[in-house]
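Data first, discussion second: the structure below is written as structure tokens.
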Amino acid sequence: FTVGRNGGNIGFHGIPYVVTKKGNVRFPTPLGIAPSSHGCIRMLDSHAQWVFDNLPRGATVSVVESRR
17 FTVGRNGGNI GFHGIPYVVT KKGNVRFPTP LGIAPSSHGC IRMLDSHAQW
67 VFDNLPRGAT VSVVESRR
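Counted from 1, the sequence shown has number 63 at position 47 by our numbering; the numbering is strictly sequential.
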């Protein structure tokens, strides 16, 4: 699910991942671990789906830094 990519905006999209038998999330590629985009917001598919389903077209989204 990509939201906002067309029209020169920042995209919100999922990243490839695997959930292990123990429930741990693993990222099989550097995507999601190391910076490798031009500003897109990469997240779990379920989170990207929520953005797609719940925000109307043209909605303003503020992205803020948070500490883990």
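Ideal Cβ placement from N, Cα and C applies to all residues, glycine included.
State the CB to CB distance for the pair residue i and residue j, rounded to an integer number of angstroms; the pair is presumed to be in contact (CB under 8 Å).
i: Phe43; j: Ile31; result: 7 Å
CB of residue i to nearest heavy atom of the ligand MG: below 7 Å?
i: Ile26; result: Absence of the ligand MG from the depicted structure is noted, as is the absence of any ligand whatsoever, leaving it without description.
Given a threshold of 16 other Cβ atoms within 10 Å of its Cβ, counted over all protein chains shown, does residue i qualify as buried or as exposed?
i: His29; result: buried
i: Ala75; result: exposed
Apart from the five residues on each side of it in sequence, which residues of its chain come closer than 7 Å, Cβ to Cβ, to residue i?
i: Lys41; result: First, the residue type needs correcting, since residue 41 is Val and not Lys in the sequence shown. Closer than 7 Å at Cβ, skipping near neighbours: Tyr33 and Val35.
Sorted by chain position, which residues of the same chain lie with C-beta nearer than 6 Å to residue i's C-beta, five sequence neighbours on each side aside?
i: Asp61; result: Gly30
i: Gly55; result: Ile26
Using beta-carbon positions only, say whether residue i and residue j come within less than 8 Å of one another.
i: Val87; j: Leu71; result: Examination of residue 87 is not possible in this model, given that the chain is present from 17 through 84 alone.
So with Cβ pairs under 8 Å, would you call residue i a contact of chain B?
i: Val79; result: Given the protein chain composition of this structure (a single chain), no chain B is represented.
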